[in-house]
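These notes concern the structure reproduced below.
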Amino acid sequence: KVLEALVKLIDRNEVRRGKCRITLFDGSASKIWNGEGKDNVGILIQTAESGAAVNHLSLSVSPLPINSESPLAGVKSCNYTENLLAIENARSNGSDEAIRINQRGEITSACMANVFWIKDGRLFTPSLKTGCLSGTTREFVLEHADVSQVESGIGVLRDAEYVFLTSAGIGIVQIGRFENREFAGELHELTRMIEES
Numbered sequence: 547k548v549l550e551a552l553v554k555l556i557d558r559n560e561v562r563r564g565k566c567r568i569t570l571f572d573g574s575a576s577k578i579w580n581g582e583g584k585d586n587v588g589i590l591i592q593t594a595e596s597g598a599a600v601n602h603l604s605l606s607v608s609p610l611p612i613n614s615e616s617p618l619a620g621v622k623s624c625n626y627t628e629n630l631l632a633i634e635n636a637r638s639n640g641s642d643e644a645i646r647i648n649q650r651g652e653i654t655s656a657c658m659a660n661v662f663w664i665k666d667g668r669l670f671t672p673s674l675k676t677g678c679l680s681g682t683t684r685e686f687v688l689e690h691a692d693v694s695q696v697e698s699g700i701g702v703l704r705d706a707e708y709v710f711l712t713s714a715g716i717g718i719v720q721i722g723r724f725e726n727r728e729f730a731g732e733l734h735e736l737t738r739m740i741e742e743s
């Protein structure tokens, strides 16, 4: 039923090279108010054309921390309010995206993507203990490359040779500038290898 609805929506929206998001949510009447709520699952299907490949984004540090001890830390939900506020702050200050840190000062992710960095030929990403989301593209990279999952402060990005972001929406995007530091223009071989996997 879901696949059939997805195919119809792709056709109706004339998506030829695109992406989709399928969201399941509790559509039942609230049991808080009447105790007789009927169980019901709602489905939201969205499609869109894939945008042009983007590389060499600029990155800053968000002043809005993530609480890694929250019961919602690491939970993928439809509430992006904090992330949207953080990315709006970054853009108003001249950056495309921003790194969010947790209450211990550890890197968690970017506002709308996971973050990876390369130092001395090794690939790193924040561990789930930091409160980051376990994104699907992050998981893809973990399956196809030797990655150390760590808890690190923001200084490691300042000392990194390369930094890149991953998400289902943007794929793998290399960072061109972090704060005031410019990174090499060419794609790193690890980034290329992962993209080709």
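Residue numbering for the sequence shown follows the working numbering, beginning at 547 and increasing consecutively. All residues carry an ideal CB built from backbone N, CA and C; glycine is no exception.
*Among G677, D572, V587 and S596, which has the Cα closest to the Cα of C566?*
Per the C-alpha coordinates, the member of G677, D572, V587 and S596 positioned closest to C566 is S596.
*Terminal residues of the beta strand (DSSP E) in which A594 lies*: Taken as a continuous stretch (DSSP letters only), the beta strand (DSSP E) holding A594 covers V587 to E595.
_For G564, report the span of its beta strand (DSSP E) as first-last._
G564 to D572 is the extent of the beta strand (DSSP E) around G564.
*asked:* Using a Cβ distance threshold of 8 Å, determine whether the stretch 714-730 contacts the stretch 608-622, with at least three qualifying pairs required.
replied: Touching, no.
*Just the Cα atoms here: how many angstroms apart are N625 and D666?*
Near 37 Å, if we compare the C-alpha coordinates of D666 and N625.
*asked:* Helix, strand or coil, according to DSSP, for N648 in the structure here?
replied: Reduced to three states, the DSSP call for N648 is strand.
*Proximal residues to L552 (C-beta, below 8 Å), its chain only, five neighbours per side dropped*: Closer than 8 Å at Cβ, skipping near neighbours: C566, I568, I591 and T593.
_Helix, strand or coil, according to DSSP, for I653 in the structure here?_
Of the three classes helix, strand and coil, the one that applies to I653 here is strand, per DSSP.
*Decide yes or no for the touch test of the stretch 666-677 against the stretch 633-645: beta carbon pairs closer than 8 Å, at least 3 of them.*
Using a Cβ-Cβ distance cut-off of 8 Å, the stretch 666-677 and the stretch 633-645 are not in contact, since fewer than three pairs of beta carbons, one from each stretch, lie closer than that value.
*asked:* Run through the DSSP bridge pairs and tell me what G699 is partnered with.
replied: Bridge partners of G699: E652.
*asked:* Classify A632: buried if its beta carbon has 16 or more other beta carbons within 10 angstroms, exposed otherwise.
replied: Around the beta-carbon of A632, 16 or more other beta-carbon atoms lie within 10 Å, marking it buried.
*Does the distance from the C-beta atom of C657 to that of G620 stay below 8 Å?*
No. Outside cutoff.
*Closer than 7 Å by C-beta to S673: which residues in its own chain qualify, once you throw out the five before and the five after it? Chain order, please.*
Q695, V696 and E697.
*What are the boundary residues of the alpha helix (DSSP H) that I633 is part of?*
Where I633 is concerned, the enclosing alpha helix (DSSP H) stretches over T627 to S638.
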